[in-house]
Each structure stands twice: as C-alpha cells, then as structure tokens.
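Enquirer: Read in order, the letters of the sequence shown correspond to residues 21 to 312 in the working numbering. First, the structure itself, so that you have it in front of you.
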Amino acid sequence: MVSVDQPAPVFDPALVGRAHRAIDPLHSQLYFAPEQDEHLAALGLKPGRMVYFAGRAAAMGAVGAGVVTATFYNFSPSLVAHMVPRCWTLATPEQVLAARLDAARASLTRLLGEDLAGSPEVAELGALLREACDGLSTEGRALFAGHADQPWPEDPLLVLWHGATLLREHRGDGHVAVLVHAGLTGLEALITHCATGRGFTEQAAKATRGWKDDQWGAACAALADRGLLDDAGLTAEGEELRARIEVQTDALAADPWLQLGAEKTSRVVELGKGLSRQITANGAFGQGIFGR
Numbered sequence: 021m022v023s024v025d026q027p028a029p030v031f032d033p034a035l036v037g038r039a040h041r042a043i044d045p046l047h048s049q050l051y052f053a054p055e056q057d058e059h060l061a062a063l064g065l066k067p068g069r070m071v072y073f074a075g076r077a078a079a080m081g082a083v084g085a086g087v088v089t090a091t092f093y094n095f096s097p098s099l100v101a102h103m104v105p106r107c108w109t110l111a112t113p114e115q116v117l118a119a120r121l122d123a124a125r126a127s128l129t130r131l132l133g134e135d136l137a138g139s140p141e142v143a144e145l146g147a148l149l150r151e152a153c154d155g156l157s158t159e160g161r162a163l164f165a166g167h168a169d170q171p172w173p174e175d176p177l178l179v180l181w182h183g184a185t186l187l188r189e190h191r192g193d194g195h196v197a198v199l200v201h202a203g204l205t206g207l208e209a210l211i212t213h214c215a216t217g218r219g220f221t222e223q224a225a226k227a228t229r230g231w232k233d234d235q236w237g238a239a240c241a242a243l244a245d246r247g248l249l250d251d252a253g254l255t256a257e258g259e260e261l262r263a264r265i266e267v268q269t270d271a272l273a274a275d276p277w278l279q280l281g282a283e284k285t286s287r288v289v290e291l292g293k294g295l296s297r298q299i300t301a302n303g304a305f306g307q308g309i310f311g312r
C-alpha cells in the first residue's frame, strides 16, 4: 500500500510535447519515403498526393473530398478534390491500408537498419505506445477514430508504427479543434506555422499543400489585418497566438501520457529520440522541406 503521506507523482506538462516530438518522425517518415509510392502505386494509385490522401484517409473508409479537406485541414480543397474520391475507384480502402503497412515496414527497416528494426528497443517502445493508446476516447476525433478501429499488427516494428500513427492522429484532431477555436483557416494555420520557422518552408508548404501564390498572399493580408503577421513575419501577437495554440494542443493531447505515467513517458522520449535521430541521420527527411 502507498502511504497517504507520500506525495503523488508529478507529471511535467512539458513531457506531452517532448513525447510527441520524439515519436512523430517514426510515423511521418512514411510521407517522404519512396516505399509509400511504390507499394500504393502498385494498386493503381498515382504516386505523390493521391497516395498520401488515400493512405491517410483509408481508415475512415471511402470518404469524399469534403471529409478529407476537413480532417486534414491545411490542404487546398481543389487539390484534394482532384484526387478524392477518384482514388477509391482505383483501390479499396482495405487494399490501401494493407499496402500502407507493408510500406511502413519497408521504410522503417531501411531507415533503422535490419538489426535496430528488430531490436528489443523497438519492441519496448511499441509496447509502451500501445499501452498509452489503450482505451483512449475517440469522441470528436475522426481521424484517430478511424485508425483506432484498425487491428493492432503483430510485427513489433509495425506495433511501434501503428502506435505512433494513433498518437499523431489523436493529437492532430485536437490541434484542429484548437485552430478552429483560434479562428484560423487551414491556410492561415499553415502560414503562421511556417512563420515560426519550425514547420515547412514556404516553398514546400505551397508545393505539398497545393496553394497558389495569390491564395497565399490573400491569406497573409488577412492575417496582417488581424495584427498577426507583418513583412518581418509573425508579430508579437502572432507569436503569442502560436504559443497558446501549442499549449492548448498539448493539453488536449495529454491523456495518453497521463495514462502511461511520467516514468514510462520519459522512457518513450528516450527511446523515441534515439530511433528518430537514426532515421533522420539516414535521410528520412529531405533538404529544404522544413525550417530550423
């Protein structure tokens, strides 16, 4: 029994963001990996954006462009509509989900190396992420709910990837709610994140999210009218808004880590950082895509 005189363990709120940053590259590497295009294009999908939209949305079923635009949030609606729902005439969501798992296994094995991909550290981290995801509420979290409906893989490497995927989408759904509350459109959210220097470069954001220069410029002007952006970048008010958004996002993403506890979450950070550094060193993310 624990004595009532003993203080309750303290959970540092900063652990939420640290855990996210430690494991997120293990999921997001797939979006830059040639294996994703190879495996999903083999089904008949077009490499690039169609593969991305179908791969990430398939867990929700054969949804239309409106659902993808709403849940992904910062993509040009016209870009999404160009790919969705046509993608479902080329491959079923079930085929896409299976191919995506094969792609994730192949890309992580290449980036980690055979030995590390099959290591006890990978198995330990996967087990911790599965524990963190156990019993999380899906209410108001459409993308997370879709992926949470999928069965857990048996391969320890894919357990890690699926766990990282669930936690990314759980956090992302909460992040979208915070952005909506802040009154930022998807494009405005993208612009302000780029302006922090911690997101995409402007060139990469336009190319990957499908925004034209005039659309980008109009959104910048709207942000300037609100006092959030000027020629030098984010204003003090804009910086404060972005900082508040991150704090609120962490608060909505805290449940899995509170459930796991401080000690195990710290172990997630330790293991995740090591593996993420390895894949980054092995070229998981290209040059000129992200800021500092």
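For every residue, glycine included, the Cβ atom is placed at its ideal position computed from N, Cα and C.
Does N302 pass the burial test, meaning 16 or more other C-beta atoms within 10 Å, or should it be called exposed?
Expert: Classification for N302: exposed.
Enquirer: According to the Cβ coordinates, are L117 and A78 closer than 8 Å?
Expert: Going by C-beta atoms, L117 is nearer than 8 Å to A78.
Enquirer: Closest to L199 by CA distance: which of R297, G183, V267 and G230 is it?
Expert: Here the closest residue by C-alpha is V267.
Enquirer: Between C214 and the rest of its own chain, which residues show a CB-CB distance below 6 Å, the 5 nearest in sequence each way excluded?
Expert: Around C214: F220, E222 and A225.
Enquirer: Would DSSP call L248 helix, strand or coil?
Expert: Correct three-state label for L248: coil.
Enquirer: Following the continuous alpha helix (DSSP H) through W181, name the residue where it begins and the one where it ends.
Expert: Per DSSP, W181 belongs to the alpha helix (DSSP H) from P176 to H201.
Enquirer: Spell out the partners DSSP gives F220 in its beta bridges.
Expert: In DSSP, F220 forms a bridge with F310.
Enquirer: Look at L148 and R287 and say whether their C-beta atoms are less than 8 Å apart.
Expert: Yes.
Enquirer: So if DSSP puts G64 in a beta bridge, which residue, or which two residues, is it bridged to?
Expert: None, per the DSSP bridge assignment.
Enquirer: Alpha carbon to alpha carbon, how far is Q26 from S48?
Expert: In this prediction, Q26 scores a pLDDT of 48, lower than 50, which makes its location untrustworthy; no coordinate-derived value is stated.
Enquirer: Under 8 Å Cβ to Cβ from G160, same chain only, skipping five residues before and after it: list those, please.
Expert: Within the same chain, G160 has close Cβ partners D193 and A197.
Enquirer: Return the residue from the list H201, V71 and Q115 that minimises the CA-CA distance to T269.
Expert: The option with the nearest alpha carbon to T269 is H201.
Enquirer: Relative to the C-alpha of D44, which candidate in L180, K66 and G166 has its C-alpha closest?
Expert: That would be L180, whose Cα lies nearest to the Cα of D44.
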